[in-house]
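Read the structure below first, then the notes.
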Amino acid sequence: MLPLDEKTIRASFLNVSQRERKAIPMPALESLTWEDLDYLGWRDPKLAQTGYIVIPTDDGPVGILLREGDQRARTRPQCAWCEDVTLPNDVVFFAAKRAGASGRNGNTVGTLVCEQFECSANVRKPPPPAYLGYDIEAARGRRIEALRENVRRFAEDLRSTA
Numbered sequence: 022m023l024p025l026d027e028k029t030i031r032a033s034f035l036n037v038s039q040r041e042r043k044a045i046p047m048p049a050l051e052s053l054t055w056e057d058l059d060y061l062g063w064r065d066p067k068l069a070q071t072g073y074i075v076i077p078t079d080d081g082p083v084g085i086l087l088r089e090g091d092q093r094a095r096t097r098p099q100c101a102w103c104e105d106v107t108l109p110n111d112v113v114f115f116a117a118k119r120a121g122a123s124g125r126n127g128n129t130v131g132t133l134v135c136e137q138f139e140c141s142a143n144v145r146k147p148p149p150p151a152y153l154g155y156d157i158e159a160a161r162g163r164r165i166e167a168l169r170e171n172v173r174r175f176a177e178d179l180r181s182t183a
């Protein structure tokens, strides 16, 4: 992911009002390792059930405000983005208002995501070898590409009016 500044991040949010956009707390951008990120995700330190993500797309970054669901799953779910089967962290349900009039009418999109948005780190860990001669680096590359595709599809779904 290419480095972004605060102005670009704030301008990228699709599903927020102007007031909400100004109130978004920014992560420590100078401490991020941008080349190891497939999307930027962080939690609101004051609002426990609020998260923010910025997804790079061909049309520029897409920012999305997410709300964590009230209910926790009874069993450990799998993240829909990184699809990590080792479950190194908690996965929670997030919902996001759709962009535009559809979102103002109450339409949302939901998904299961790593609670602290650790997906980029999860897909970069070498997977366990499945068989003798298993190409771990190729598998890791496929996992990174799958994550990028999954978050891109989520952003597209949020933009659609269905």
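Position in the sequence shown (first residue = 1) + 21 = this note's numbering. Note that beta-carbon positions come from the ideal geometry of N, C-alpha and C, so glycine has one too.
Let's test the definition: count the other Cβ atoms within 10 Å of the Cβ of T60 and tell me whether it reaches 16, buried, or not, exposed. Residue 60 is actually Tyr in this sequence, not Thr. Y60 comes out buried.
For V83, which option in P147, G62, G154 has the closest C-alpha, if you only look at C-alpha atoms? Ranked by Cα distance from V83, the options P147, G62, G154 are led by G62.
Tell me, which residues are paired with R64 by DSSP? Bridge partners of R64 according to DSSP: G72.
By the three-class DSSP mapping on this structure, what secondary structure does C135 have? C135: strand per DSSP, three-state reduction.
How many Å lie between I30 and R97 at the Cα? Spanning the alpha carbons of I30 and R97 requires a straight line of approximately 32 Å.
Going by DSSP, what residues sit across from V106 in a beta bridge? DSSP lists no partner for V106.
Here's the rule: buried if 16 or more other CB atoms are within 10 angstroms of the residue's CB, otherwise exposed. What is A117? Burial call: buried.
Please return the same chain residues whose Cβ sits closer than 6 Å to the Cβ of G90, not counting the five positions on each side in sequence. Sequence-distant Cβ neighbours of G90 in its own chain, meaning closer than 6 Å and more than five residues away, are F114.
Where E139 and S52 are concerned, what is the direct C-alpha to C-alpha distance, given to the nearest angstrom? Rounded to whole angstroms, E139 to S52 spans 16 Å at the Cα level.
Determine the extent of the beta strand (DSSP E) in which E89 is found, giving its start and end residues. Going by DSSP, E89 is part of the beta strand (DSSP E) stretching over 83 to 89.
Note the first and the last residue of the continuous alpha helix (DSSP H) segment covering V37. Per DSSP, V37 belongs to no alpha helix (DSSP H) and is neither H nor E.
Hey, could you find the ends of the alpha helix (DSSP H) R167 is sitting in? In the sequence as displayed, the identity of residue 167 is Ala instead of Arg. Counting along the chain, the alpha helix (DSSP H) containing A167 begins and ends at 157 to 180.
Own chain residues within Cβ distance below 8 Å of I157, not counting five before or after: Within its own chain, the residues whose Cβ lies closer than 8 Å to the Cβ of I157, once the five positions on either side in sequence are excluded, are P147, P148, P150, listed in chain order.
Beta-carbon separation of D105 and N143 under 7 Å? Their beta carbons are under 7 Å apart, which means D105 touches N143 by this criterion.
According to DSSP, A116 sits in a beta bridge with which residue or residues? Beta-bridge pairing links A116 to R88, G131.
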